[in-house]
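Protein chains in written order, with the working numbering: chain A, 1495 to 1829; chain B, -16 to 308.
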């Protein structure tokens, strides 16, 4: 690619390009991460350049050749093993394809994302299945950057080895506010026998997190959405909009922290938490869960707050037909 | 060229031996991921490179908890019985299961232990011309249906017939269910647990239309209780009820919540029949029906507010209200 550019340039420009290429190669002796757009296909080969004409075989192969901020696209459906640690801005878009990623022993997560602060990883149209042996997650995030997941399908995070099973395991570390946005995504059947959730938010150390979940369904899992501040101090804001949490064994939505640890604010709006063990639960001091225009029905217990957790209503929720309806601890006015 | 037939026949002659040797391993159904394709063949192992042709065969080669995926668009057979966890994911393809002439119902039967989950995603159930049902759920466990079309034919009874005999969960999201039932019976989605069965049902962003009944919830065959939530959904132009819940004395109590949904242009918008039936309605539209709201035999039909009940032949009324919280 650079050779072509050099041939078309005048000698002076060619020298500049040549020097640049030399520098780049020196800096990245293993692979040239230069593609702005890489492609993968069922018939691909990781020895190729991941161009549209000669695609690579999987996400790991394509990632090695894709520039920071670049994109990987699926040409067709296939079993594209990811198994790569993503440490820079990247978009993976397999919309319209069934680009399935089946994990296997020896790998930490189907997608292991560690975006540095300032970087953004976007996963779109992803199918993740058979997730997480050691890491117990389909998508594991432990960097302080931003992760956006759109129109994806994540199921079967039920590992046999670790007992953990998370659809999305968001555990950012470092300073600053890590960001997660999940839209129009289906997460199902996540959780091991003792631990696991469709989405678990659990920052580490001083890291803070802001999370938005929109148009997303989490069902048939151990927990639906679990927000846990007990391993961090930085604080979390979680907004859940137009989403459904259905038939999870424990909580549809639970937020918990412990004294001296991260404060948590959750807003549930226009959503339903139905047929779970608990509809919505707030546990611990410094936990505030606000609920607006949402339905809490058919759960073992609809609403519960313990350990000083606050569960606040905007007076526009349906809380009915639960084994025990429970109650909000307070109310706030809609403005 | 003349030697080719000989070589091929020699190869073919050796094939049965190979197949016979390979069969015991394949029969263990250990593949975590199998594939079906329009050019597939049901004597293969359903790998991506050598896909199979039908769901039934692919399922027989798929490990519990595994996945079956469509490589391309196709009609990939029917009459599968799914008795362990599996995902069938054909999103992005037009992957149709067609009712076969002379075939008994259903197209897919799900019969699970309580711990298992079947996920069906991006499928087209085409019951025309003869199939009676799209999906029939018996047993226990969880069925999750996403972005799926269940279309009935001239012989259709029910699109999704959910008749568990143990604790069972049904979640339907972003799906279309249409043209089911005939001669006054049959529904797009019929929830009717059997003795020993309970049902948790959630419908989200799902459209049920053009059927005899839209969503019919029936507790008369069980005692264990039924919870149904219908959210952000549309029940339109069904001959009888958009939503009906009915049970009989001594049988399963039913709780239905209809929220931010529309039941329009049906015979009845929403109907609650029987003393153990409570249907709650919030932020929903009941319009253009013969009768908007109706109750019988002690059924409760409660408004949580925010409902538009207008332009029905008879609007009817709620039996009570409940405060939002």
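Ideal Cβ positions, reconstructed from N, Cα and C, are used throughout, including at glycine.
It should be emphasised that the depicted structure is a prediction, and the values quoted were computed from it without experimental measurement.
Once the 5 residues before and after residue i are set aside, which same chain residues still bring their CB inside 7 Å of it?
i: residue 1821(A); result: 1797
i: residue 1826(A); result: 1784, 1806 and 1808
What are the residues that DSSP puts in a beta bridge with residue i?
i: residue 1541(A); result: In DSSP, residue 1541(A) forms no bridge with anything.
i: residue 183(B); result: 152(B) and 210(B)
i: residue 237(B); result: 209(B) and 260(B)
i: residue 109(B); result: 81(B) and 134(B)
i: residue 177(B); result: Answer by DSSP bridge pairing: none, since residue 177(B) is not bridged.
i: residue 1912(A); result: The shown model of chain A, from 1495 to 1829, leaves out residue 1912(A), and the question about it has no answer.
i: residue 1704(A); result: 1673(A) and 1731(A)
i: residue 116(B); result: 141(B)
i: residue 122(B); result: 95(B)
i: residue 102(B); result: 70(B) and 127(B)
If you drop the 5 nearest sequence neighbours on each side, which residues of the same chain put their C-beta closer than 6 Å to that of residue i?
i: residue 1647(A); result: 1621 and 1680
i: residue 1775(A); result: 1745, 1748 and 1798
i: residue 259(B); result: 230 and 236
i: residue 298(B); result: 275 and 292
i: residue 1562(A); result: 1582 and 1583
i: residue 169(B); result: 140, 141, 163 and 195
i: residue 1536(A); result: 1570 and 1572
i: residue 161(B); result: 134, 192 and 193
i: residue 52(B); result: 18 and 72
i: residue 1780(A); result: 1751 and 1757
i: residue 1713(A); result: 1682, 1740 and 1741
i: residue 1517(A); result: Because residue 1517(A) carries a pLDDT of 37, less than 50, the predicted location of this residue cannot be relied on, and the following value inherits that uncertainty. If we look at residue 1517(A) and ignore the five residues flanking it on each side, it has no Cβ neighbours.
i: residue 277(B); result: 251, 254 and 299
i: residue 153(B); result: 126, 145 and 184
i: residue 1664(A); result: 1635, 1674 and 1695
i: residue 279(B); result: 256
i: residue 1586(A); result: 1566 and 1617
By the three-class DSSP mapping on this structure, what secondary structure does residue i have?
i: residue 1714(A); result: coil
i: residue 135(B); result: coil
i: residue 1726(A); result: strand
i: residue 46(B); result: strand
i: residue 1556(A); result: helix
i: residue 1768(A); result: strand
i: residue 1569(A); result: coil
i: residue 251(B); result: strand
i: residue 40(B); result: helix
i: residue 1592(A); result: coil
i: residue 14(B); result: strand
i: residue 1665(A); result: coil
i: residue 65(B); result: strand
i: residue 1817(A); result: coil
i: residue 75(B); result: coil
i: residue 1550(A); result: strand
i: residue 94(B); result: strand
i: residue 302(B); result: coil
i: residue 1606(A); result: strand
i: residue 1531(A); result: strand
i: residue 1564(A); result: strand
i: residue 1575(A); result: coil
i: residue 1823(A); result: coil
i: residue 53(B); result: strand
i: residue 1797(A); result: strand
Can you give the beta carbon distance from residue i to residue j, rounded, assuming they're within the 8 Å contact cut?
i: residue 217(B); j: residue 198(B); result: Rounded, the Cβ-Cβ distance is 11 Å, inconsistent with contact.
i: residue 1693(A); j: residue 1675(A); result: At roughly 12 Å, the Cβ-Cβ gap does not stay under 8 Å, so residue 1693(A) and residue 1675(A) are not in contact.
i: residue 187(B); j: residue 1738(A); result: 5 Å
i: residue 1733(A); j: residue 1684(A); result: Not quite, the Cβ-Cβ distance comes to about 21 Å (not below 8 Å), so this is no contact.
i: residue 102(B); j: residue 127(B); result: 5 Å
i: residue 1810(A); j: residue 1793(A); result: Not quite, the Cβ-Cβ distance comes to about 19 Å (not below 8 Å), so this is no contact.
i: residue 1690(A); j: residue 1753(A); result: No, residue 1690(A) and residue 1753(A) are not in contact; Cβ-Cβ is about 26 Å, not under 8 Å.
i: residue 131(B); j: residue 106(B); result: 5 Å
i: residue 1632(A); j: residue 1603(A); result: 7 Å
Return the chain-ordered list of same chain residues with a C-beta closer than 8 Å to the C-beta of residue i, the five sequence neighbours on each side being excluded.
i: residue 1736(A); result: 1708, 1709, 1763, 1764 and 1765
i: residue 247(B); result: 217, 218, 219, 220, 225, 268, 269, 270, 271 and 272
i: residue 243(B); result: 214, 215, 265, 266 and 267
i: residue 285(B); result: 261, 262, 263, 264, 301, 302, 303, 304 and 305
Cβ of residue i less than 8 Å from any chain E Cβ?
i: residue 265(B); result: The structure shown contains no chain E; its protein chains are A and B.
Please find out if some non-hydrogen atom of the ligand SAH comes closer than 7 Å to the beta-carbon of residue i.
i: residue 244(B); result: Of ligands this structure carries none, so the ligand SAH is not represented either.
Subject >> Cβ pair count under 8 Å reaching 3, the region 1784 to 1793 of chain A against the region 1801 to 1815 of chain A >> reply: Between the region 1784 to 1793 of chain A and the region 1801 to 1815 of chain A, the count of C-beta pairs closer than 8 Å reaches three or more; the two stretches touch.
Original post:
Hey, is the region 174 to 187 of chain B in contact with the region 1716 to 1730 of chain A, meaning 3+ C-beta pairs nearer than 8 Å?
Top reply: Touching, no.
Subject >> Cβ pair count under 8 Å reaching 3, the region 59 to 66 of chain B against the region 1632 to 1642 of chain A >> reply: Cβ pair count under 8 Å is below three, so no.
Original post:
How about the region 1697 to 1714 of chain A and the region 109 to 117 of chain B: do they share at least three Cβ pairs that are nearer than 8 Å?
Top reply: With a cut-off of 8 Å on Cβ pairs, the region 1697 to 1714 of chain A is not in contact with the region 109 to 117 of chain B, counting fewer than three such pairs.
Original post:
Counting Cβ pairs closer than 8 Å, one from the region 1553 to 1568 of chain A and one from the region 69 to 77 of chain B, do we hit at least three?
Top reply: Under the Cβ criterion (8 Å, minimum of three pairs), the region 1553 to 1568 of chain A does not count as touching the region 69 to 77 of chain B.
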